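*Asks:*
2 protein chains.
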Amino acid sequence: MTRPPDAPRTIKEIAAVAGVSKSTVSRVLNDTPGVSPKARQLVRTAIEQTGYQPNRAARSLVTRATGSIGLVVSEAQARVFSDPFFASMVRGATEVVRPRGVHLVLMLAEDKRARDQLLDYLRHGHVDGVLFISTHAADPLPRILVAERLPAVLSARPVSPLAISYVDVDSVAGAGLAVDHLVERGRRRIATIAGPQDMPAGQDRLRGWTEALALHGLPHGPELVAYGDFDRGSGARAMEELLGRGIEFDGLFVASDLMALDAVAVLREHGLQVPQDVAVVGFDDSDAATQARPALTTVRQPVEEMAKALTLTLLDRIGDPDAPITSRVFPPKLIRRAST
Amino acid sequence: MTRPPDAPRTIKEIAAVAGVSKSTVSRVLNDTPGVSPKARQLVRTAIEQTGYQPNRAARSLVTRATGSIGLVVSEAQARVFSDPFFASMVRGATEVVRPRGVHLVLMLAEDKRARDQLLDYLRHGHVDGVLFISTHAADPLPRILVAERLPAVLSARPVSPLAISYVDVDSVAGAGLAVDHLVERGRRRIATIAGPQDMPAGQDRLRGWTEALALHGLPHGPELVAYGDFDRGSGARAMEELLGRGIEFDGLFVASDLMALDAVAVLREHGLQVPQDVAVVGFDDSDAATQARPALTTVRQPVEEMAKALTLTLLDRIGDPDAPITSRVFPPKLIRRAST
DNA sequence: GGACGGTCTGGGACCGTTCCCAGCCGTACC
DNA sequence: GGTACGGCTGGGAACGGTCCCAGACCGTCC
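As you go down the protein sequences, you meet chains F and W in turn.
My numbering puts the first residue of the first sequence at 29, with every later residue one more than the last.
My numbering puts the first residue of the second sequence at 29, with every later residue one more than the last.
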């Protein structure tokens, strides 16, 4: 396992071992055509035997690329990390990046000062591209990156149209799945706790709820809607508000798991049973949803697959800055559990 | 804000602007003595004006250092990420690393194959050192890194003695704080749900409980102890076990917040009120502890401060491979909430 | 048989730093 | 006044790759 201390460290030494010139070794390393099969094989075995790996710095110096991409976490709070979304995102990105020898550099932009520093940093070519992770709505960073012509991609659809590739889950369809499931379970009056309406995810999930109910010919008036901000705490307030209106409902679709768990707790405090009195469906399929009692029925996004697609898109764009913008919207999946 | 397109990109151009040689510029950049105050100032303003930043690759090539450290996450599950510990760790490390221009490269080692690849990678000098994050007990990676003489530090005390710097919280003292607090609250029969006894944190927290109770002259026999594995789910089993023994207790110290939340749920299912019938103290001060109902009294580790200390230690060691091993144990703090 | 074209090869300039070394200048001392 | 020495400076050789260019070699065609 351990490499002998005199292992070749340079392309020159590999060339000597293989009996070719360093140019040929370089060609083999970069899969450049115009090398005879024999020479190619010679170099390959020499590399194999010696466990040689090219020097990143030397390569960077001439290619002017760093071989690393920034994983920019732009969020005031630590929320992104605790979000299971982040873990899956990292895992997916890592899987794409690892075999290509590209590094994932973690960068935080928690406040304005940090963001300015980061920007200055990115501008100086410390990374070849940026994988942007944010659940935050009005983040100015993506727009700036696009303007700076730095290859970048987004982990969710931006609030306003932007010349940037992103991946997202089909939130409208997801909300539809949730509603269909509740209807199938015999629920006829289905309320919703929606997310903030200045975020695409918030808008789409509400729209999905509305459209699906309309399709079923069921009520979907504003009296059945309360708003939260996706986060813990806001779900409880929204639930109290809904209950305070004195309207009846036997089904509830909540635009995020965290708010849904809040809602379940409040329902319980009011003596209502889940799912007997009110069946509840969340969104995200977070850890908390699995561990809750009762376990939460929810809508899952294929995050890891999305992360892979996103990372590939970024690498494409780095390879060719004029590569077309290719955003992909993934289909969600309903995860049936005890809350419905 | 935007840099003019003709901004100096090399040390040579800065030298021309400042009217000195590139050697002098290099000296100023590296804070090498032997530069006249006048020349130093000249160079400083030239750099200031032009927004010049040295080329990492060129520097790396000659110094044989990469200017980046690996943030190795060695954990089978995504658990590390959802752990608030991770978020604070990253924030602390970032704060230390950013002003020094050092990069944090995120590396996952989820399974054996990934670990082997990672090892190969680390050996080839892709990072200057490793900041190791793991809550897992028997991880072989730290030992290997030490053997490979790669500068590395650990985010917790290793299971068996190892020539490696680490930071940790004083778990014995933390458990003591919890017990003292329960006693102060008038509790006299205090049970515990301990962590796994093959992990330092598990051992120490149990020892702290035992010693504190002994000091107060209160019972601390094995009938008052049940074991879990720190994780969600195991706390419920342990709680059932304690209750099943039919012994009496009015206080409970649980070695992790996640297990504590489980325990509270089980107590409730058995018709017991928290804190009236049983006062409960957890450990970690996780997000979940704040959001629980009732909010959980718990023991907090100063994670961010620990992360900073740890990162500084690593940087020291990178600067001087023979720097002494300096592990630090931080004092915990009791966070009083509604569960006691 | 020579001109030509294609495939493959090797030499060497270059990327932007660091750092060694030689040389400059001014001062202090004999 | 010459020498020694100190602080300060600049030139240039590395570092390990990529890639341009020139040329070797071989087969084909007129």
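Idealized CB from N, CA, C, for every residue including glycine.
In this text, all values refer to a predicted model and were calculated from it rather than measured experimentally.
Across which residues does DSSP place W:Ala13 in a beta bridge pair?
*Replies:* No answer is possible for residue 13 of chain W: it lies beyond the span of chain W, which begins at 29 and ends at 368.
*Asks:* Write down the C-beta distance between F:Ala184 and F:Asp196 rounded to the nearest angstrom, noting that I regard them as a contact closer than 8 Å.
*Replies:* 5 Å
*Asks:* Where do the N-terminal and C-terminal ends of the alpha helix (DSSP H) with W:Ala219 fall, by residue?
*Replies:* That residue, W:Ala219, is in no alpha helix (DSSP H); its beta strand (DSSP E) goes 218–222.
*Asks:* Using the beta-carbon count (16 or more within 10 Å), is W:Asp156 buried or exposed?
*Replies:* By the neighbour-count definition (other C-beta atoms within 10 Å, threshold 16), W:Asp156 is a buried residue.
*Asks:* If we cut at 8 Å on Cβ distances, does F:Arg31 have a partner in chain W?
*Replies:* A caution first: F:Arg31 carries a pLDDT of 42, below 50, which makes its placement in the model unreliable, though a value can still be read off. At least one chain W Cβ lies under 8 Å of F:Arg31.
*Asks:* Taking a Cβ distance cut-off of 8 Å, strictly less, list which residues of the stretch 151–169 of chain W are near chain F, in chain order.
*Replies:* Arg151, His152, His154
*Asks:* Please confirm whether F:Leu234 and F:Leu289 have their CB atoms less than 8 Å apart.
*Replies:* no
*Asks:* Would you mind listing the beta strand (DSSP E) stretches within the stretch 34–83 of chain F that are 3+ residues and don't spill past its ends, in chain order?
*Replies:* none
*Asks:* So, is W:Thr94 buried or exposed, given that buried needs 16 or more other C-beta atoms within 10 angstroms?
*Replies:* buried
*Asks:* Can you tell me whether W:Ile97 is buried or exposed? The criterion is at least 16 other CB atoms within 10 Å of its CB, across all chains shown.
*Replies:* buried
*Asks:* What are the residues that DSSP puts in a beta bridge with W:His131?
*Replies:* W:Ser96
*Asks:* Would you please verify whether the beta carbon of F:Arg328 is less than 8 Å from any beta carbon of chain W?
*Replies:* no
*Asks:* Please report the straight-line C-alpha distance between F:Arg216 and F:Trp237, rounded to a whole angstrom.
*Replies:* 13 Å
*Asks:* Between the C-alpha atoms of F:Gly245 and F:Gln304, what's the straight-line distance to the nearest angstrom?
*Replies:* 23 Å
*Asks:* Flag this pair as yes or no: are the beta carbons of F:Val53 and F:His209 separated by less than 8 Å?
*Replies:* no
*Asks:* Using 10 angstroms around the beta-carbon of F:Ala175, count the other beta-carbons present and answer buried if the total reaches 16, otherwise exposed.
*Replies:* Answer is exposed; the Cβ neighbour count stays below 16.
*Asks:* Where does F:Met29 fall in DSSP's three states?
*Replies:* Summary for F:Met29: the model assigns pLDDT 38, below 50, so the residue's position carries little reliability; its value from the coordinates is reported in the next sentence. Here F:Met29 sits in coil by DSSP.
*Asks:* For the stretch 310–319 of chain W against the stretch 345–354 of chain W, do three or more pairs of beta-carbon atoms, one drawn from each stretch, fall closer than 8 Å, so that the two count as touching?
*Replies:* no
*Asks:* Kindly indicate which residue of W:Ala335, W:Ser284, W:His248, W:Pro250 has the alpha-carbon position closest to the one of W:Ala264.
*Replies:* W:Ser284
*Asks:* Run the CB neighbour count on F:His298, radius 10 Å, all protein chains shown included, and call it buried at 16 or more, exposed below.
*Replies:* exposed
*Asks:* Which one of F:Val125, F:Ala191, F:Gly153, F:Ala201 has the shortest CA to CA distance from F:Leu362?
*Replies:* Of F:Val125, F:Ala191, F:Gly153, F:Ala201, the residue nearest in Cα terms is F:Ala201.
*Asks:* Output, in sequence order along the chain, the residues in the stretch 289–315 of chain W whose CB is closer than 8 Å to any CB in chain F.
*Replies:* Ala293, Asp315
*Asks:* By Cβ distance below 8 Å, which residues in the same chain neighbour W:Val118 in space, the five residues on each side in sequence not counted?
*Replies:* Leu99, Leu132, Ala335
*Asks:* For F:Val282, which residues of its own chain have a beta-carbon under 6 Å away from its beta-carbon, when the five flanking residues on both sides are left out?
*Replies:* Ile221, Ala288, Ala291, Gly310
*Asks:* Name the chain F residues whose beta carbon is nearer than 8 Å to that of W:Arg265?
*Replies:* The contacting residues do not exist; W:Arg265 stays about 14 Å from chain F at best.
*Asks:* Show which residues of chain W have a CB atom less than 7 Å away from the CB atom of F:Gln319.
*Replies:* Arg260
*Asks:* So, for W:Pro32: in the same chain, excluding its five sequence neighbours on each side, which residues have a beta-carbon less than 7 Å away from its beta-carbon?
*Replies:* Residue placement at W:Pro32 is flagged as unreliable, the pLDDT there being 46, under the threshold of 50; the coordinate-derived value follows with that caveat. Excluding positions up to five away in sequence, the list is empty.
*Asks:* F:Gln329: which of F:Glu123, F:Ser162, F:Ser116, F:Gly272 sits nearest, CA to CA?
*Replies:* Nearest of F:Glu123, F:Ser162, F:Ser116, F:Gly272 to F:Gln329, Cα basis: F:Ser116.
*Asks:* At the 8 Å Cβ level, is F:Ala85 part of the contact set with chain W, yes or no?
*Replies:* Interface criterion met: the Cβ of F:Ala85 is under 8 Å from a Cβ in chain W.
*Asks:* Only counting runs of 4 or more residues, tell me where the alpha helix (DSSP H) segments fall wholly within the stretch 204–258 of chain W, in order along the chain.
*Replies:* The stretch 204–258 of chain W contains these whole alpha helix (DSSP H) runs: 228–244.
*Asks:* Roughly how far, in whole angstroms, is the beta-carbon of W:Thr354 from the beta-carbon of W:Leu159, given that I think they are within contact range, below 8 Å?
*Replies:* Their Cβ separation, rounded to whole angstroms, is 15 Å, which puts W:Thr354 and W:Leu159 out of contact at 8 Å.
*Asks:* Can you tell me whether F:Asp290 is helix, strand or coil according to DSSP?
*Replies:* DSSP places F:Asp290 in helix when its eight states are reduced to three.
*Asks:* Does the stretch 49–68 of chain F come close enough to the stretch 125–144 of chain F to have 3 or more Cβ pairs within less than 8 Å?
*Replies:* no
*Asks:* Kindly indicate which residue of W:Glu332, W:Gly47, W:Gly279, W:Leu89 has the alpha-carbon position closest to the one of W:Thr73.
*Replies:* W:Gly47
*Asks:* State the Cα-Cα distance for the pair F:Thr30 and F:Thr78, rounded to the nearest angstrom.
*Replies:* Low confidence applies to F:Thr30: its pLDDT is 40, below 50, so where it sits in the model is not reliable, and the reading given next is rough at best. Going from the Cα of F:Thr30 to the Cα of F:Thr78 covers about 11 Å.
*Asks:* Does the CB of W:Glu41 have a neighbour CB from chain F at under 8 Å?
*Replies:* no
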